[in-house]
Amino acid sequence: MNDRYDAGAAGYGADQYELVGYDEYGQPVYRQIPARQAPQQQPYDPYAQQGYGYDPYATGQQQPVPPYDPYATGHQQPTGYDPYGTAPQQTGYDPYGQAATSGQQPRVAEQTAYIPQQAGPAGEDTSAAPAGADERDYHTEQFAFVEEPDQDSEDVIDWLKFTENRTERREEARRRARSRIIALLVVLALVAVGGVGYLWYAGKLPGLSDSGTGSGGTTAVGAQKRDVVVVHLHDTKQGGTSTALLVDNTTTKQGTTVLLPNALALTSDDGTTTTLAKSVEDDGSGGTRDALNSVLGTDIQGTWRLDTPFLQNLVDLVGNIEIDTNADVPDPDAKKKGAAPLVHKGADQTLSGKMAVAYATYRASGESQNAQLERFGQVMQGVLRKMSSDPQGATVTVQTLGQILDPSLSDKDLGAFLAKLADLAKGGDYKTALLPVQNDGTLTAQASDSVVKDVLGGTAKSPDQSSAVRVSVQNASGVRDNTEKARVVLLNGGFTFLEAGTGTARAGSEVVYTDPADQENAAEVAKTLGLPAGAVKKGKVSGNADVTVVLGQDYKPSSS
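Under our numbering, the first residue of the sequence shown is numbered 221, with each subsequent residue one higher.
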């Protein structure tokens, strides 16, 4: 079969094609002209009688119907085929390229047009239409090659769009989920790093600190850094002093006021045993500071002498204080008995400067010095809560007091130190502790571990009492407070106090010694207690004491 086709060529037994139109791409479309067959008698073909004009391009111009030749003489008008329908001529159209020989012609199956380069359609039905088939009205539009829109194609496009949109939505959901997971992981990582950093900064991270126990929990007590200042409150009206240590543990971020009883035994500059109260009075700030360092094993950076008038001004400068008072304090300036107390007992009491001084120095009848010392500690903590946390502001407050400070502590150093403690007190990281002291003024390891070791980071080293005169005191005066008052006086005098209980009331006091070597010591004890020299006598001494004292009704603590 050749690639070229001649639509006008005719012949028997050869495949011939004719041009029937062009497809949507502009390519020519041919169809095969069936081979000529010998005329034969066929059933009546209603379509052969009708004849019609063929308009391959659906132009609407129908070819004229050729005249009917019933006798098949062949005398018909020449048929001129104009595929474009441009020649308006009345010609007979013979679609098979031959003249009809009779009124009945065989119906040849219509061939499907196709491009010659492609294979023809398979299973083509070439059987003739049955006789008596219904006559149909054919129009040129039925044979035109018009591309009709396919509704199914739009459905397919819509389905593809739907599928694509759903796929995109799924991918977007996956991306969002991945983004959320990544963001969550980043947040968790930041929280974990921040938590570990805080634990490391606070010294609470296990395994990263020295072994040992202490207030820090993880850092060894001895390795913790502390800033310590000793403060002495001097009562300018009634006399006497009260001492406390202000401690700033910079490692654990904990502030503490350590109250030191006046009976605490120290070693004086000449090596003899003395008490804290006696050391403050005789040795001054420098000697007392050195003695405290030796006994407590700590390192005190400076001394702050705070007289009661300066304490009153300090409270007024910070704008009064609020504390929980534990006693009604009378007004020291009241001229009548039974007057209303200056300070009332109760929670959240607001104290002015005068009220704070009266409360800090108040000691009721029968109370130990520790009770008054604890009130002093309450006032100090109340002042720190109202002090400025800014070092410059705290320094201005100290300078405004106008007091002369100890050379070991400048106003700027004291202001910066108090500002740190004020910040801890406002944050709730501040406490007050009383140093436990025995009757003889010494410290035991069991009693002082909670303060000396944990708070101060030191080791208790009480002075050797072998050289001190041991004085045993029995109270026969009928006044219970006299035992405590005598103890303080003796400890301040450098003697070792031994309590012998309470005896039957008697009028006169006695100071007894056994060893003649202790006669001089007995005379010194009587002088210290304010007893007459005639009270000293030789006799039997109780226990392991060097001198025994029996307090009678003639004992007047105020004279000692």
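By construction, the Cβ of each residue, glycine as well, lies at the ideal position given by its N, Cα and C atoms. Treat the numbers as computed from the prediction; the structure is a model and nothing was measured.
CB contact flag (residue i, residue j, <9 Å)
| i | j | result |
| --- | --- | --- |
| A727 | G759 | no |
| L528 | K651 | Residue identity differs from the one stated: residue 528 is Thr in this sequence, not Leu. Taking 9 Å as the Cβ cut-off, T528 and K651 do not qualify as a contacting pair. |
| A614 | G597 | no |
| A755 | A765 | no |
| R446 | D510 | no |
| L480 | L453 | no |
| L641 | D468 | yes |
| K681 | G517 | yes |
| Y582 | A547 | yes |
| T461 | Q444 | no |
| A497 | A485 | no |
Where residue i falls: helix, strand or coil (DSSP)
| i | result |
| --- | --- |
| S399 | helix |
| A765 | coil |
| D701 | helix |
| D626 | coil |
| T664 | coil |
| V675 | coil |
| E501 | helix |
| G414 | helix |
| V689 | coil |
| Y579 | helix |
| T463 | strand |
| K758 | strand |
| K555 | coil |
| F715 | coil |
| A720 | strand |
| L638 | helix |
| E542 | strand |
| P529 | helix |
| E244 | coil |
| R726 | coil |
| L239 | strand |
| N469 | strand |
| V249 | strand |
| V657 | coil |
| D735 | coil |
| L537 | helix |
| T477 | strand |
Through-space distance from residue j to residue i, alpha-carbon basis
| i | j | result |
| --- | --- | --- |
| P611 | F717 | 44 Å |
| S514 | M607 | 31 Å |
| A584 | Y775 | 19 Å |
| L654 | A567 | 21 Å |
| Y237 | R389 | 55 Å |
| R707 | N659 | 8 Å |
| G586 | V769 | 20 Å |
| F637 | L526 | 15 Å |
| P627 | L711 | 29 Å |
| L629 | A720 | 43 Å |
| G647 | V693 | 46 Å |
| A409 | G417 | 12 Å |
| P683 | L593 | 23 Å |
| Q260 | Y245 | Below a pLDDT of 50, predicted positions are generally treated as unreliable, and Q260, at 49, falls in that range; the measurement from the model is reported next regardless. So the two alpha carbons sit approximately 42 Å from each other. |
| G602 | D669 | 27 Å |
| G506 | V413 | 48 Å |
| V500 | T570 | 31 Å |
| K705 | V691 | 14 Å |
| N385 | R251 | 45 Å |
Residues near residue i by beta carbon distance below 7 Å, same chain, minus five either side
| i | result |
| --- | --- |
| K574 | Q532 |
| G698 | A725 and Q773 |
| M600 | A464 and T477 |
| R700 | G586 |
| Q739 | Y733 |
| P248 | L239 and Y242 |
| Q458 | T581 |
Close beta carbons around residue i, own chain, < 6 Å, minus the five adjacent residues each side
| i | result |
| --- | --- |
| P550 | P561 |
| N695 | N702, T703, T722 and L771 |
| K632 | T615 |
| V672 | L516, G678 and A680 |
| E730 | A755 and V770 |
Buried versus exposed call for residue i [16 or more other C-beta atoms within 10 Å across all chains shown]
| i | result |
| --- | --- |
| P263 | Note on P263: pLDDT 49, under 50, position unreliable in the model; no value is reported. |
| I543 | buried |
| V406 | exposed |
| K556 | exposed |
| T387 | exposed |
8 Å Cβ shell around residue i - same chain, five flanking residues per side excluded
| i | result |
| --- | --- |
| L165 | The question about residue 165 has no answer here: the residues shown for the chain are numbered 221 through 780. |
| D502 | S488 and T494 |
| V643 | It is Asp, not Val, that sits at residue 643 in the sequence shown. Closer than 8 Å at the Cβ level, and outside the excluded window around D643, lie S609. |
| V449 | L465, L466, I520, Q521, G522, T523, W524, L629, L634 and F637 |
| T734 | K758, G759, K760 and V761 |
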